[in-house]
Amino acid sequence: MKSRKILLGITGGIAAYKTPDLVRRLKDTGVDVTVVMTPEAEHFVTALTLQTVSGNKVYKDMFEVQDVWDVEHVGLAESADLVLIAPATANTIAKLAAGLCDDLLTCVVAATAAPVVLAPAMNDRMYLNKINQENVARLKKIGYKFIGPDKGPLACGKISIGRMCDIDLLVRTVLGYLK
Numbered sequence: 000m001k002s003r004k005i006l007l008g009i010t011g012g013i014a015a016y017k018t019p020d021l022v023r024r025l026k027d028t029g030v031d032v033t034v035v036m037t038p039e040a041e042h043f044v045t046a047l048t049l050q051t052v053s054g055n056k057v058y059k060d061m062f063e064v065q066d067v068w069d070v071e072h073v074g075l076a077e078s079a080d081l082v083l084i085a086p087a088t089a090n091t092i093a094k095l096a097a098g099l100c101d102d103l104l105t106c107v108v109a110a111t112a113a114p115v116v117l118a119p120a121m122n123d124r125m126y127l128n129k130i131n132q133e134n135v136a137r138l139k140k141i142g143y144k145f146i147g148p149d150k151g152p153l154a155c156g157k158i159s160i161g162r163m164c165d166i167d168l169l170v171r172t173v174l175g176y177l178k
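Here it is as structure tokens:
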């Protein structure tokens, strides 16, 4: 079986703390995981932790000087069999829906031909906001896939929609998309 490569985009939501476990579980299934973090994600999880569990370099900065010349966002985009963004914040969903490319992750998504899967995670009011719902609908219309969000305890203390879906569900669904 050919190697399966996932590019995991991590954005700046509290659910980012779950991503080392997500990486480990994907690796346990034989998937090669490369991580691209937004600057905001670094407030919730460290690149060192993700590099340790993935066994790969973690990419954060679009303008980092490379040892070898490479148009990094294009190389990352072309190497992925699937792009998974977990957690996907309202901010990142809005950027993708508008075609904005102002960080490494959004540039990679704009340059990829691979399927893009988003696992939203945010406050319920943010998730249910009409603009966010329009952005989700627009992305679905052009072929982006969504997993969740689920109803459950949110960071604000409420029990409502907006919680990033269970890691087991993420792994099973992503593996299904890779087949």
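Residue 110 in numbering that gives the first Met the number 0 sits at position 111 of the sequence shown, and the numbers go up by one each step. We treat Cβ as the ideally placed atom computed from N, Cα and C, and that holds for glycine.
C-alpha distance - residue i paired with residue j, whole-angstrom precision
i, j, result
"T10", "C100", "14 Å"
"G147", "C164", "5 Å"
"D167", "Y176", "14 Å"
"L174", "V82", "12 Å"
"R171", "M61", "31 Å"
"D20", "K129", "32 Å"
"A154", "N122", "8 Å"
"K26", "V32", "7 Å"
"N131", "F145", "13 Å"
"A97", "P114", "18 Å"
Chain-order list of residues whose beta-carbon lies under 6 Å from that of residue i (same chain, five-residue window excluded)
i, result
"A93", "N134"
CB contact flag (residue i, residue j, <8 Å)
i, j, result
"V22", "V57", "no"
"Y126", "G156", "no"
"K59", "M36", "yes"
7 Å CB neighbourhood of residue i in its chain, flanking five on each side removed
i, result
"A40", "I9, T10, G11 and A15"
"H42", "G11"
"A30", "The identity of residue 30 in the sequence shown is Val, whereas the question assumes Ala. Counting only Cβ-Cβ distances below 7 Å, and skipping sequence neighbours, we find R3 and I5."
"L169", "L21, A85, A118 and I146"
"Y143", "V115 and L117"
"A136", "none"
Sheet register partners of residue i (DSSP bridge)
i, result
"K4", "D31"
"D149", "R162"
"Y58", "V35"
Other residues of its chain near residue i: CB distance less than 8 Å, five sequence neighbours each side excluded
i, result
"K140", "none"
"G54", "K26"
"T28", "V170 and L174"
"T105", "T91, K94, L95 and L99"
Notebook entry, point to check: Taking one C-beta from the segment 76-90 and one from the segment 44-64 each time, how about it: are there three or more such pairs within less than 8 Å?
Noted result: no
* Flag this pair as touching only if the segment 8-23 and the segment 80-88 have three or more C-beta atom pairs under 8 Å; answer yes or no. => At 8 Å Cβ cutoff, the stretches touch.
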